[in-house]
Structure formats: structure tokens, C-alpha cells
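According to the numbering used here, the sequence shown is numbered sequentially starting from 642.
Every residue, glycine too, gets a C-beta built ideally from N, C-alpha and C.
Bear in mind the structure is a predicted one, so any value in this text is a computation, not a measurement.
Input: a single structure, listed below in C-alpha cells.
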Amino acid sequence: VSCGLAHGTLLLSDVPFPGSTSTLLQVGGDRRDAGPLSPQRPPFCPAKHLGERRALPAELRGRGVAAGVAVLLEASTGRILLTRRAGTLRAFPSVWVPPGESGLGGGHGALVTLGLLDVGLRELAEETGLRLDAGTFSWRLLGLWESLYPPMLSRGLPRRHHIVAYLLLRSDEPHERLEARMCPSESEVSAYAWLEPAVLAAIAATEDGAESSGDVPSALPATVGIVELSSGSSSSARLPTSTLLRTAPAQGEDLERVSTGTKFALRLWLEGTRDLPHP
642 VSCGLAHGTL
652 LLSDVPFPGS
662 TSTLLQVGGD
672 RRDAGPLSPQ
682 RPPFCPAKHL
692 GERRALPAEL
702 RGRGVAAGVA
712 VLLEASTGRI
722 LLTRRAGTLR
732 AFPSVWVPPG
742 ESGLGGGHGA
752 LVTLGLLDVG
762 LRELAEETGL
772 RLDAGTFSWR
782 LLGLWESLYP
792 PMLSRGLPRR
802 HHIVAYLLLR
812 SDEPHERLEA
822 RMCPSESEVS
832 AYAWLEPAVL
842 AAIAATEDGA
852 ESSGDVPSAL
862 PATVGIVELS
872 SGSSSSARLP
882 TSTLLRTAPA
892 QGEDLERVST
902 GTKFALRLWL
912 EGTRDLPHP
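Pasting the structure below:
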């Protein structure tokens, strides 16, 4: 299916159109059941169960579905950048995600004329301070993900509904050089980490909605290095690897973890994107 942005709206088509890129779209947890025009979503997604349990209030139905773009930035060293969302954000606070924008629409002014890559690069710059020059990276669309917040009906009716386009950007620079240019926005990011492939694979292997202990495989380090941001300064810290291997709790308050959509994107990256050449 072809996918792209036009006037701030995410368009899906069975034929290519100007500015579009191609992707494989899925629904549910089994690719054999994939629908040709449906994004992937977790089995506990509220959109899947609202009809079974309760109706969505009229004020929520009228909001529609917003488009979003998230960037998996892979350095030439094989590490990928994840950021921890600020704890003051209304949706998914303190959850680890790639940099991105989760609310594109016709009211976003300058954004309405931008394509997927343009929006991804813009959000990467706004959230992390990183600006990638043309010719220093290659990119592709990994896939689409349906995201609602709260992510489970046990935490209340959804207040936000997005279709997120995950992009993979492969830089020809090592993560050390990229990190030296970073200047993250504290209003959106409370910490960041350049994670190595073994840790990323372990994160992708965890299944939200399934029983999981969060135990760290013996081959992985007990902690990973992160950079925390506070009051205009940054400091190096160690985060237990088990924090990144947590699954979304079925009941009660959310906790620090990697988002379900990020795990989906990492699985796609692991399954078929390593053959995309660096610039």
C-alpha cells in the first residue's frame, strides 16, 4: 500500500501518488490475518474492544484520528536512539519512544505541506536538536501503528487516537558524533539512550499483553547507559535493563517502559531492515 501526507492528512492508497512511499500494513498480532489497509495494533487496543464493552462518548467520536510520525534513528555503529518522554506530558508520560510527532493535522500550519520524511526530520530536530544533512542518511517507512491513550480500557476511555508512521533513518555517522550535537528539549524529553542491538532485540521480544517477568537474559548487561535531563543540565546515569523489558501493566497506573508501538517498529527493523545500506 502507498502512504503519505497531504495537507496534514495521512493518506493510504492501493496505487502510488506524488510524495508517497510503500509499506506493508498489518492488523492484529498475526501477519497471516493482515488486512491490506489496516495498521498494526496490540490485542488490548481500546479500538478493538469498545464495541464489545461500551460506546465511545459523542465528544470523543467527533475528534477523529490524528496522524503521527516517529523516527528510529540508527547510527553507523548499529545503535538506535530512544528517548524517555517527559513526566509532565499528558499522554504516555515517562515511556521510552523514538523521537516523533503524534498529532499532525490541518491545524498545524507549516506542517500541512510537509511529507513523512520532512515531518520526521523536523521532529527529530525539535526534540533532540539533531539535524541531519541530505546525503548523510538513508531512510524507509517501516510500517503504521494504531495508538490510543490510555492504551487499555481498564484505565479509562481513550482521549487520543493516532495512526503513527514509523520511519527508519540510517545515518552514516557514529552515535558518539551524533550525541555530541544533541540538545534535547526538556519539555518533551527527560532522558535519552543510544541502545545496542542486543538490548533492542530483547526489547522487541517482549510482548505487551502477555505474562512477563522482565528478567534480563544473562547475555545482556544488568544496566544500560542513559543521559538524564534536569533543570537545563544533563548527566550520565545507569538504568536497569529490566526497566526496558517491562510490559504494559493490565491494571493500575502505567510505569516506565518501552512503548508497545516502539516494540512493533523494532521488530520490523530486526526482521528486514538491516539490508538497507548506509549512505
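Residue i - DSSP class collapsed to helix/strand/coil
i, result
"serine 779", "strand"
"glycine 645", "strand"
"serine 871", "strand"
"alanine 732", "coil"
"alanine 925", "The question about residue 925 has no answer here: the residues shown for the chain are numbered 642 through 920."
"arginine 898", "coil"
Residues near residue i by beta carbon distance below 7 angstroms, same chain, minus five either side
i, result
"leucine 911", "Ala842, Ala845"
"glycine 645", "Leu652, Phe658, Gly660, Ser661, Thr662, Gly756, Leu757"
"serine 826", "Glu767, Glu768"
"proline 838", "Gly719"
C-alpha gap between residue i and residue j, whole angstroms
i, j, result
"aspartate 774", "glutamate 829", "23 angstroms"
"histidine 749", "alanine 707", "Any answer about histidine 749 is weak, because its pLDDT of 40 lies below 50 and its placement is not dependable; what the coordinates show is given next. Roughly 11 angstroms between the two C-alpha positions."
"arginine 800", "valine 710", "19 angstroms"
"phenylalanine 658", "glycine 902", "26 angstroms"
"serine 603", "glutamate 715", "Given a span of 642 to 920 for the chain in the structure shown, any question on residue 603 remains unanswerable."
"aspartate 606", "leucine 907", "Examination of residue 606 is not possible in this model, given that the chain is present from 642 through 920 alone."
"glutamate 820", "valine 738", "17 angstroms"
"alanine 891", "glutamate 848", "12 angstroms"
"leucine 909", "leucine 783", "6 angstroms"
"proline 881", "proline 791", "25 angstroms"
"cysteine 824", "threonine 864", "24 angstroms"
"leucine 789", "arginine 796", "12 angstroms"
Beta-carbon proximity list for residue i, same chain, < 8 angstroms, skipping 5 on both sides
i, result
"arginine 822", "Gly770, Leu771, Arg772"
"aspartate 671", "Low confidence applies here, because aspartate 671 scores a pLDDT of 41, under 50, leaving its location unreliable and the question unanswered by this model."
Own chain, CB closer than 6 angstroms to residue i, minus 5 neighbours either side, in chain order
i, result
"leucine 885", "Ile844, Val899"
"leucine 722", "Leu714, Trp835"
Anticipated Cβ contact below 8 angstroms, residue i with residue j, distance rounded
i, j, result
"glycine 866", "arginine 879", "6 angstroms"
"glutamate 764", "proline 740", "6 angstroms"
"proline 815", "serine 717", "5 angstroms"
Which residues DSSP lists as bridging residue i, in chain order
i, result
"proline 939", "Since the first and last residues shown for the chain are 642 and 920, residue 939 lies out of range."
"isoleucine 721", "Glu715, Leu836"
"glutamate 742", "Val710"
"tryptophan 737", "Arg725, Val899"
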